[in-house]
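Counting in my numbering, the sequence shown runs from -17 upward without gaps.
We put the beta carbon where it would ideally sit given N, CA and C, even for glycine.
None of these values were measured; they are calculated from a predicted model.
Step one of this worksheet: look at the structure below.
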Amino acid sequence: MSFPCWAGEPPRPNHPFLPDPSPEQQAEILLSMRQYSKALEEFQRLIGDGSQEPTVYRGLAKSYEGTGQLAEGKRYLEKLLNTDPGNANLLFGMGFMHFLMGEFGPAEDRLNASLDQSSGNALAWNTLGAVLAEKKSYSEAIKKVKRAIELDPSDLRFYQNLKQIYEEMGETGLFIAEYKKSLETGPHALSLGYGRTLANSLRQKGFRLYSEGKPDETRKAFSDMLELYREINYPPGVVQALFSLGILYEESGDLQTAYKFYEEVLKINPGHIQAREKLRMR
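In structure tokens form, the structure reads like this:
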């Protein structure tokens, strides 16, 4: 049983008044579409133009990984480092490359060297945390990842990394406890990060249950996701969960409940085309 059309995040609509993506964003789009060779060309061009964005160096490494050329990527960065050995972004890129190759000792050395030059690189702190987790140094790993979250509480990758470390430790309840604490003490960006990460887990659970042909359990997972999004006051997630539940109840033949969910969607987002179309066809 395959996932229905509502399974993923809603696509970003094309709109004539939306700004064109920046070169960095365009490269990231190519990477997300798994067009690794094209993404690699764009990231290399950005680095050649002197980009100081750590995401560009991460994207470069991920592109080399996607093309199966991590060794070539390491040589590329080594050549650049020979001419600029103190460049924090190059050091980060090399550390991330070592991490992807499973070379955790060199990765740790390069990442620490990068942070000595630029301590505000949240991606470097997060990667260092991942390296330390691989070395089973969990307490230190947690500190590094939480430093990344302090620097950029909007990046869900950091929360996912933290959650995974707790799971490897067998302490899954710690992440939930920290989420509950963030609701009480804030800031809102922190509870959003924890909450959205937990919601993503519920969504994945729902996908798995749906593929296993368990409709009641699937609806329960998405209902839990809805309540979580409401708890953190995240309207885009609330809309997504409501529409997904509408689809699930419609598939079960309970049209009356499905239409109630679509109506709730339109109360929050009157421009939701799919929900409006569902109600128009009743």
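What are the boundary residues of the alpha helix (DSSP H) that includes HIS254? Per DSSP, HIS254 belongs to no alpha helix (DSSP H) and is neither H nor E.
Could you tell me the alpha carbon to alpha carbon distance between GLN256 and GLU122, rounded to whole angstroms? 47 Å
Is it buried or exposed for PRO67, if we count other Cβ within 10 angstroms and need 16 for buried? exposed
Are ARG258 and LEU230 closer than 8 Å when you measure CB to CB? no
Would you list, in sequence order, the uninterrupted alpha helix (DSSP H) runs of no fewer than 4 residues that lie entirely inside the stretch 108 to 154? 120 to 133, 138 to 151
Apart from the five residues just before and just after GLY(-10), which ones in its own chain have a Cβ nearer than 6 Å to its Cβ? Note that GLY(-10) scores 39 on pLDDT, short of 50, meaning its location in the model is unreliable; the coordinates nonetheless yield the value given after this. If we look at GLY(-10) and ignore the five residues flanking it on each side, it has no Cβ neighbours.
Between the alpha carbons of VAL247 and PHE189, how many angstroms are there, rounded? 21 Å
When you compare only the Cα positions, how much space is there between CYS(-13) and ASN143? With a pLDDT of 42 at CYS(-13), under the threshold of 50, the modelled position of this residue cannot be trusted; read the value that follows with caution. CYS(-13) and ASN143: Cα-Cα distance of roughly 28 Å.
In three-state DSSP terms, what is ASN71? helix
Selected residue, minimal CA-CA separation from THR154, among ALA203, LEU52, THR167, LEU180: LEU180
GLU54: which of ASN215, LEU82, GLU90 sits nearest, CA to CA? LEU82
Using CA coordinates, which residue listed in MET151, TYR176, GLY152 is at the minimum distance from LYS163? TYR176
Could you tell me the alpha carbon to alpha carbon distance between PHE74 and MET15, rounded to whole angstroms? 24 Å
Relative to the C-alpha of GLY48, which candidate in LYS20, THR37, ASP137, ASN215 has its C-alpha closest? LYS20
First through last residue of the alpha helix (DSSP H) which encompasses PRO197: 197 to 213
Residue of GLN51, ALA171, ASP31, PHE204 minimising C-alpha distance to ASN215: ALA171
Would you tell me roughly how many angstroms separate the C-alpha atoms of LEU13 and ILE124, rounded to the nearest one? 28 Å
Separation of ALA95 from ILE266, as counted between CA atoms: There is simply no residue 266 to check, as the chain begins at -17 and stops at 264 in what is shown.
Can you give the Cα-Cα distance for GLU132 and GLY77, rounded to whole angstroms? 21 Å
Beta-carbon within less than 8 Å of PRO1's beta-carbon, same chain only, minus the 5 sequence neighbours each way: which residues are those? none
Rounded to the nearest angstrom, what separates ARG139 and PRO5 at their Cα positions? 22 Å
For MET207 and GLN34, the rounded distance between their alpha carbons: 38 Å
Using 10 angstroms around the beta-carbon of PRO3, count the other beta-carbons present and answer buried if the total reaches 16, otherwise exposed. exposed
Which residues in the same chain have their Cβ closer than 6 Å to the Cβ of THR239, if we skip the five residues on either side of it in sequence? TYR231
Let me know the alpha helix (DSSP H) ranges lying completely inside the stretch 2 to 36, each 4 residues or longer, listed in chain order. 5 to 14, 18 to 30
Less than 8 Å between C-beta atoms, sequence neighbours within five positions excluded: which residues of the same chain meet that for PHE(-15)? Because PHE(-15) sits at a pLDDT of 46, beneath the cut-off of 50, its placement in the model cannot be relied upon, and the following sentence gives the value as read from the coordinates. Excluding residues within five positions, the ones whose Cβ falls inside 8 Å are PHE189, TYR192, SER193.
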